[in-house]
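Chains as they are written, first to last, in full-length UniProt numbering: chain G, 1 to 483; chain A, 1 to 141; chain R, 1 to 513; chain H, 1 to 198; chain U, 1 to 143.
Written below as structure tokens is the structure these notes are about.
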Amino acid sequence: MNPLLALLPPLAAIPFILFFGERHKNLRELSIFIAGFVLLAINISIYQDYLEHQNVTSGSLNIFQGLTLELYAEPIGILFALLASFLWVVTTLYSIGYMRGHHERYQTRFYICFAVAIASVMAAAYAGNLLTLFIAYEAITLSTYPLVTHEGTEQAKRAGRIYLGLLMGGSIALLLPAIIAIWWLTGTLDFVAGGIIPADLMNPMWMTVLLALIVFGTGKAALMPFHSWLPNAMVAPTPVSALLHAVAVVKTGVFLILKVIVYIFGFNTLQQTGAASSLVTVAAITILLSSMIAMTKDNLKARLAYSTISQLAYIVLAALLANSVAVKGAGLHIITHAFGKITLFFCAGAIMVALHKKMISEFDGIGKQMPYTMAAFFIAALSIIGLPPLAGVWSKLAISEGAMVANEIWVVGVLMLSSLLNIAYLLPIPIRAFFAKSSEPNQATEIREAPLTCLMAIAITMLGCLVFFFWPGPVLGLLALVR
Amino acid sequence: MKYLALYNYWIVVIIMMAGFYIMIARHNLVKKIIGLGLFQTGIFYFYVSLGKVDGGTAPIFVESLEAQATVYSNPLPHVLILTAIVVGVATMAMGLALIVRIYEKYDSIEEDEIKAIERQHWQENNGEFGISLTAPPTASS
Amino acid sequence: MLSAHLPAFIIVLPLMAGPLCVISRHSFISWLIALLINIVVVFMSVAIFFQVSDEGVIRYALGGWAAPTGIEYYIDTLNATLLVLITIISLCTLVYSLPAVDREVAKHRHYLFYTGWMLCLTGLLGIVITGDAFNVFVFLEISSLSMYMLIALGSERRQALMASFRYLMMGSIGASFILIGIGFLYAATGTLNMIGLAESIPNVSDSRTVLVAFSFITLGLLIKAAVFPVYSWLPNAYQYAPTAVTAFLAGTVTKVSLYIFLRFFFQMFGSDYSFGKLLLGEVLLPLSVIGFFVMSLVAVFQTDIRRILAYSSIAQVGYIMAAMSMATHEGVAAAVVHIINHAFVKAALFVAVGCILYRLGNAQVTSMGNLIRLMPWTTSAFIVAGLSLIGVPLTAGFVSKWNLVNAAIDIGWWSIVAMVLISSLLAIVYIGKVIEAFYFQSASEEVSNGNRAIKDPPLMMLIPLWTLIIISVYIGINGSVVVDIANVAAQQLLNGFGVSLETVNTVVTGSSK
Amino acid sequence: MTEQLVIMVLLSFLVVIAFGIILLKDLLVAVILSGIYSLTAAAIFVVMDAVDVAFTEAAVGAGVSTIFLLGALTLTRRQQKQQKHNNYFALLVVTLTGALLIYGTLDLPGYGDGQSIANQHPQLAQHFLQKSEDEIGIPNVVTSVLASYRGYDTLGETVVVFTAAIGVLSLLGLRRRKREEDPELDAKRQCRQQNEEV
Amino acid sequence: MVKGLQQHHRVLQVISKLFIPLILLFAFYVQFHGDFGPGGGFQAGVIFASAFILHGLIFGEGRTRLVMPPYVLRFLMSFGVLLYAGTGLVSIMMGGNYLDHSVLSEDALHGQHWGIFAVELGVGFTVTAVMITLFYCFSSTRP
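Given below as structure tokens:
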């Protein structure tokens, strides 16, 4: 199946969304569901195609001088596409409850931008060369900008400015020159198994600079010091924070880094030159520092945002270790973290809708009001921390293993320390919710759960955390195909 | 001797530069236009000097002269300069018309005064400098 | 047989359209005349373009006098492309101008407006097509004079008059310098034909006369092209001219000056002389870099959209100049690419602003509130073109910037790469400022009072706007169209005229006189 | 040599006039001076054998331009404002430009050099002088070049003039006179109407 | 200025009435003798216009307008340009290049004569009309 088809369902949904508009809300959201399921089906069939032929590609469109636009399915991309399209359906389910419960304005614009963003994510996932990936990356930035600034308040506008400035600025000032340099050096931008940059092409120092340009230029990966857009972007409606800023957008960033390391530099080059080793330190520092910052945040979404930064750095770190075991860990972590973090965000949104509470300090006793939500929160938090029987454990294990393979034992220590920090900033929330005395006694016993669709979405993603612990086979099988 | 033959050019340069100076240094708009005229006339001399041939005559064939071996001056610079003169007068007319309108609107033909008026205007409008005075788009038809 | 005379028709038809408009003295009829002629001219320019790409360089001897005795047209890929570019932009903005001019210019002056427009078109095409150095000056004056007039027609605001006068002064100084330069060249070589000059200049390249000719032509062209230190005529002219004129001006006038730059310095003087011997690159490069950097910065602090775009135009000229000053094949090609792309993009942006002005009555960033919902087609066009200005992929601007950066990397000018990218970031800021206002500014008083119908402008304005946008997006997606042309043009430019006077690859030369 | 002397004297005279124009505050005097300047220029052109140019300069520079300048002055004001300080930057620019120009003249062929490349170019200057009688057949070579060899430039020139008229028309327009301003004119109009009726 | 002349300068009026025909005559001479002596369309146009300008200065621009109304001028200046450009088109129709006068007649020399005549006439028309129009524009504007 042609990967180009994956772009169609979200784009095709747009006219329907526009047409139905605010007047026929149900039909509007139905059309999104249909698009979501079709997209999921397409992605699954691409997956199956890939397992059979291992050569799934669209035609290429020549821009100029051999620069082409091309879509091409490969394991990490398929995994990412499946993840994003599945969670799109779930998020849509969630946002029906959330957006209506929250009486948000301009819902039509919201859904349109969302659809465009998903289409761009599909293009990124199936990008056949670095240029296509870059274009998709920019398209995601642009299409999510209206989502970040959705509320139109002064704070939202400021966040939008930071968002656009860091993501677009970083990509144009750092990433683009790196891409042009790669093109100039090698004459191609194609993703090739084993990489296109030979180890002896240039001085290792320059290689490090080039890699640093890419790693830092990919602002979406939120590596410190290019992280500040992410906490700011939390002013967006929660479904946006959940799908885009825990999954699609940020994962596009780490996905780009992953692809560049696997298919542009290649493991051999990086291992021989050691170009990535200094950047591993940066990732490690990001992991620890952002975990510590997360502890100081009282706003739940802000705390989750810093947690996301820390978890993204895991993936970047794994990618920079540059061996197949670590990359497998990175791929796994994209999946497991996605399910864990989206559940956490969903819960945060549910609390906002039901109780209008944003601050953790106000959460005393809400476990009695929203038992299901908080239970799901607890489970997802455990998954993020990496405790069995939850999915998070596999990815942390694989990354640690990768670190051993790469002979960077200290990284394992960092991971351990970080897990402890995870416990320190995540677990107090459910504990407080369940065991602390409520400050508003007369309401404490009344059950005020979030809308049903929200709960359904939360349940699905929470189950995901469990399922991938017991049944990680297909994911691992796919990742084993990465060459 | 060589430099004596260039003396003409140097005077021409002085004339041109006198005009150029008026154009950029004088605030009076009419003066600027006069300066432009001087500058351009200087260029005209320069061109015509190029075509002059010692002992030559104007490039018009006359029967009586044809018998002798006559030297004629080069006609090409003359033609070019005829064009340039016309361009000059056209520019001048345009400039003067602009000046007349500027005087109507600003009641001044001094560049620094006009700048001051603009600045004042700016301040009065508190930064709303560019608000259009074009016909307001009422009930567009 | 007539196809051989296309180069003559393409100049003469718009030239004759001017007087016809005057005779008609009717606002609509004169527009119609201008429009029809413009459509014909677009087709002709396309035909010439294909003629050139099929059969090679066209030389057309005017009056039947073979050059250098007479004047000739010299058309290669570069100016054939520019002919197409100018005629298309003129057509788009002319269509747009019917409703816009109706609003902005007094009714009894409409016919003069369209006359001026046609004369300006004649002038621009004449500059581009000619192969004679002095003829460049004559047609430069036609286009300049009509431009002064068109700008001054925005004189419902008095600033337009002053803007026009300043342009007249600067323009006259520029033209006079060019005239002096051509005079010195004539003194040194005895010819005015560009090919003749190209052949003679190497023989006298040590002469101080040629050096001074070169300097004066450079200075004159710098003024005409609004390069950094001598740009002061441009912002006011762009802001206060009638919007249709601004769009036309921004798309074509500075580009034509840049074209003369290319033609003169690479082909006529030869890049060995201009850049090898006289180090023009070393002079231009700092100017252009400071230019695009400082002007982008200045644009950030403007409050009127037209002023933002005007300063951005100066910055873009800086990019083109920087590309030229590399004096390599890639650099020249990048310059040509950006000349073409920026022409379309800037014209589109100014048309979009014109549409906003048409409904809103001003172009202050502060009064753009809520426009994205009231004028979706206009604002989205602005956004697309704005992204192109930034250089986002899949827009024309990306193709330009890619080529520019690549050309800079090619000769190891990493600092230039950095500067270009940083000034692109400034472009994000100034375009982002406008886009943010479209989205989030609360509606200004006039808008929210509801006593004005703020909605998308009539189709007459939207169609040309979106035509320009589609062209620029098409270039962004299928950039090889422009890049291939630019490569051919760059090759031709750097090869000099390639043909000596004896081996003329002529389509029509003089008869055997 | 006498010729050269005449030119030198006249040119020096021009320099004096030019500086007079720079310094004078009275615009009317400046305009009259520029008229004299043009007339002197015409005289110099005659001495330089450029009779057509001289003719044009006299008609345009001394005639029409002066009338336009006077017209503009009556519509604006006559005095130039006192400028507070000299513009040293402008002086610098002008000096540099002038120095550059003089530097460029050093390699020019001397004034009146019949052997210079410009005057000897076989396809331009010499072609016009030697062949125009056979090819065009009119005695005034300037007219031949103007209207035939470089007729296209002259077309451009005509268009420039036309453009100027369009420009001035669009700026000033032709405003109708009010009747009471000129009773005599009114009488004439009536007279004409009567004639037409008859 | 104009009014003063009108009322008090009978002498000027009489003399100018004598001179204007002579100026016009001279203009015609310059126009048609340009082939043989100095002068041509442009100079003739200016001189022709100057006769009208003189008339305007002495008798008032309003009265000159009766003699030479603006619409005639507008037509004349356009016609001049069209005549010039049209001559070139005729050359193309006769099989030559644009503005190639030699094809206008059987004999190349005659063709050149015709062409130059037409072209100079075009210049003359345009310049005359333009100069008079410019004069009208300046003199009809009230301070």
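Just so it is clear, CB atoms sit at the ideal spot from N, CA and C, and this is done for glycine as well.
Within this structure, are the beta carbons of residue i and residue j separated by less than 8 Å?
{"i": "R/Gly220", "j": "R/Gly174", "result": "yes"}
{"i": "R/Thr378", "j": "R/Pro457", "result": "yes"}
{"i": "residue 534 of chain R", "j": "R/Met118", "result": "Because chain R in this structure spans residues 1 to 513, residue 534 of chain R falls outside the shown range and cannot be described."}
{"i": "G/Thr343", "j": "G/Ala294", "result": "no"}
{"i": "R/Phe228", "j": "R/Met169", "result": "no"}
{"i": "A/Leu96", "j": "R/Tyr186", "result": "no"}
{"i": "R/Ala363", "j": "R/Ile372", "result": "no"}
{"i": "U/Gly41", "j": "A/Ile60", "result": "no"}
{"i": "H/Ser170", "j": "R/Leu153", "result": "yes"}
{"i": "G/Ala123", "j": "G/Leu71", "result": "yes"}
{"i": "H/Val142", "j": "A/Phe44", "result": "no"}
{"i": "G/Glu449", "j": "G/Met352", "result": "no"}
{"i": "R/Val365", "j": "R/Lys433", "result": "yes"}
{"i": "G/Ile76", "j": "G/Gly329", "result": "no"}
According to DSSP, is residue i helix, strand or coil?
{"i": "G/Thr132", "result": "helix"}
{"i": "G/Val482", "result": "coil"}
{"i": "R/Leu394", "result": "coil"}
{"i": "R/Asp304", "result": "strand"}
{"i": "R/Ala327", "result": "coil"}
{"i": "G/Ile197", "result": "coil"}
{"i": "R/Val227", "result": "coil"}
{"i": "R/Asn246", "result": "Strictly speaking, residue 246 of chain R in this sequence is Thr, with Asn absent from that position. Three-state result, R/Thr246: helix."}
{"i": "U/Tyr98", "result": "coil"}
{"i": "R/Glu502", "result": "Residue placement at R/Glu502 is poorly supported in this model, since its pLDDT is 40, which falls under 50; the coordinates still yield a value, given next. Coil at R/Glu502, not helix or strand."}
{"i": "G/Gln54", "result": "coil"}
{"i": "G/Asp190", "result": "strand"}
{"i": "G/Tyr106", "result": "coil"}
{"i": "U/Ser139", "result": "helix"}
{"i": "G/Thr68", "result": "strand"}
For residue i, list the residues DSSP reports as bridge partners.
{"i": "G/Thr208", "result": "Answer is none; G/Thr208 lacks a bridge partner."}
{"i": "H/Asp26", "result": "H/Gln79"}
{"i": "A/Glu110", "result": "A/Asn28"}
{"i": "A/Thr57", "result": "A/Tyr72"}
Cα-Cα, which of the options is closest to residue i?
{"i": "R/Ala490", "options": "R/Ile71, R/Ser30, R/Thr77", "result": "R/Thr77"}
{"i": "A/Val86", "options": "H/Pro122, H/Asp107, H/Asn119, H/Gly156", "result": "H/Gly156"}
{"i": "G/Val316", "options": "G/Asn407, G/Phe216, G/Trp229", "result": "G/Phe216"}
{"i": "U/Met93", "options": "U/Leu104, U/Leu83, U/Tyr84", "result": "U/Leu104"}
{"i": "A/Val48", "options": "A/Ile81, A/Met92, A/Ile99", "result": "A/Ile81"}
{"i": "G/Tyr306", "options": "G/Leu258, G/Lys328, G/His245", "result": "G/His245"}
{"i": "R/Asn203", "options": "R/Phe269, R/Gly56, R/Ser312, R/Ala334", "result": "R/Phe269"}
Write down every uninterrupted run of the alpha helix (DSSP H) in the stretch 65–133 of chain R whose length is 4 residues or greater and which is fully enclosed by it, in chain order. Every alpha helix (DSSP H) stretch that sits fully inside the stretch 65–133 of chain R and reaches 4 residues is listed by chain position as 77–104, 110–129.
Enumerate, from N- to C-terminal direction, the unbroken alpha helix (DSSP H) stretches of 4 or more residues contained entirely within the UniProt domain "MrpA C-terminal/MbhE" (119–179) of chain H. DSSP runs (the alpha helix (DSSP H)) wholly in the UniProt domain "MrpA C-terminal/MbhE" (119–179) of chain H: 125–135, 141–144, 151–172.
Kindly provide the ranges of any alpha helix (DSSP H) runs that are 4 or more residues long and lie completely inside the stretch 400–455 of chain G, ordered along the chain. Counting whole runs of 4 or more residues, the stretch 400–455 of chain G contains the alpha helix (DSSP H) stretches 409–426, 428–435.
What residue ranges within the stretch 23–88 of chain U form continuous alpha helix (DSSP H) runs of no fewer than 4 residues, ordered along the chain? Listed in chain order, the alpha helix (DSSP H) elements of length 4 or more contained wholly in the stretch 23–88 of chain U are 41–59, 61–67.
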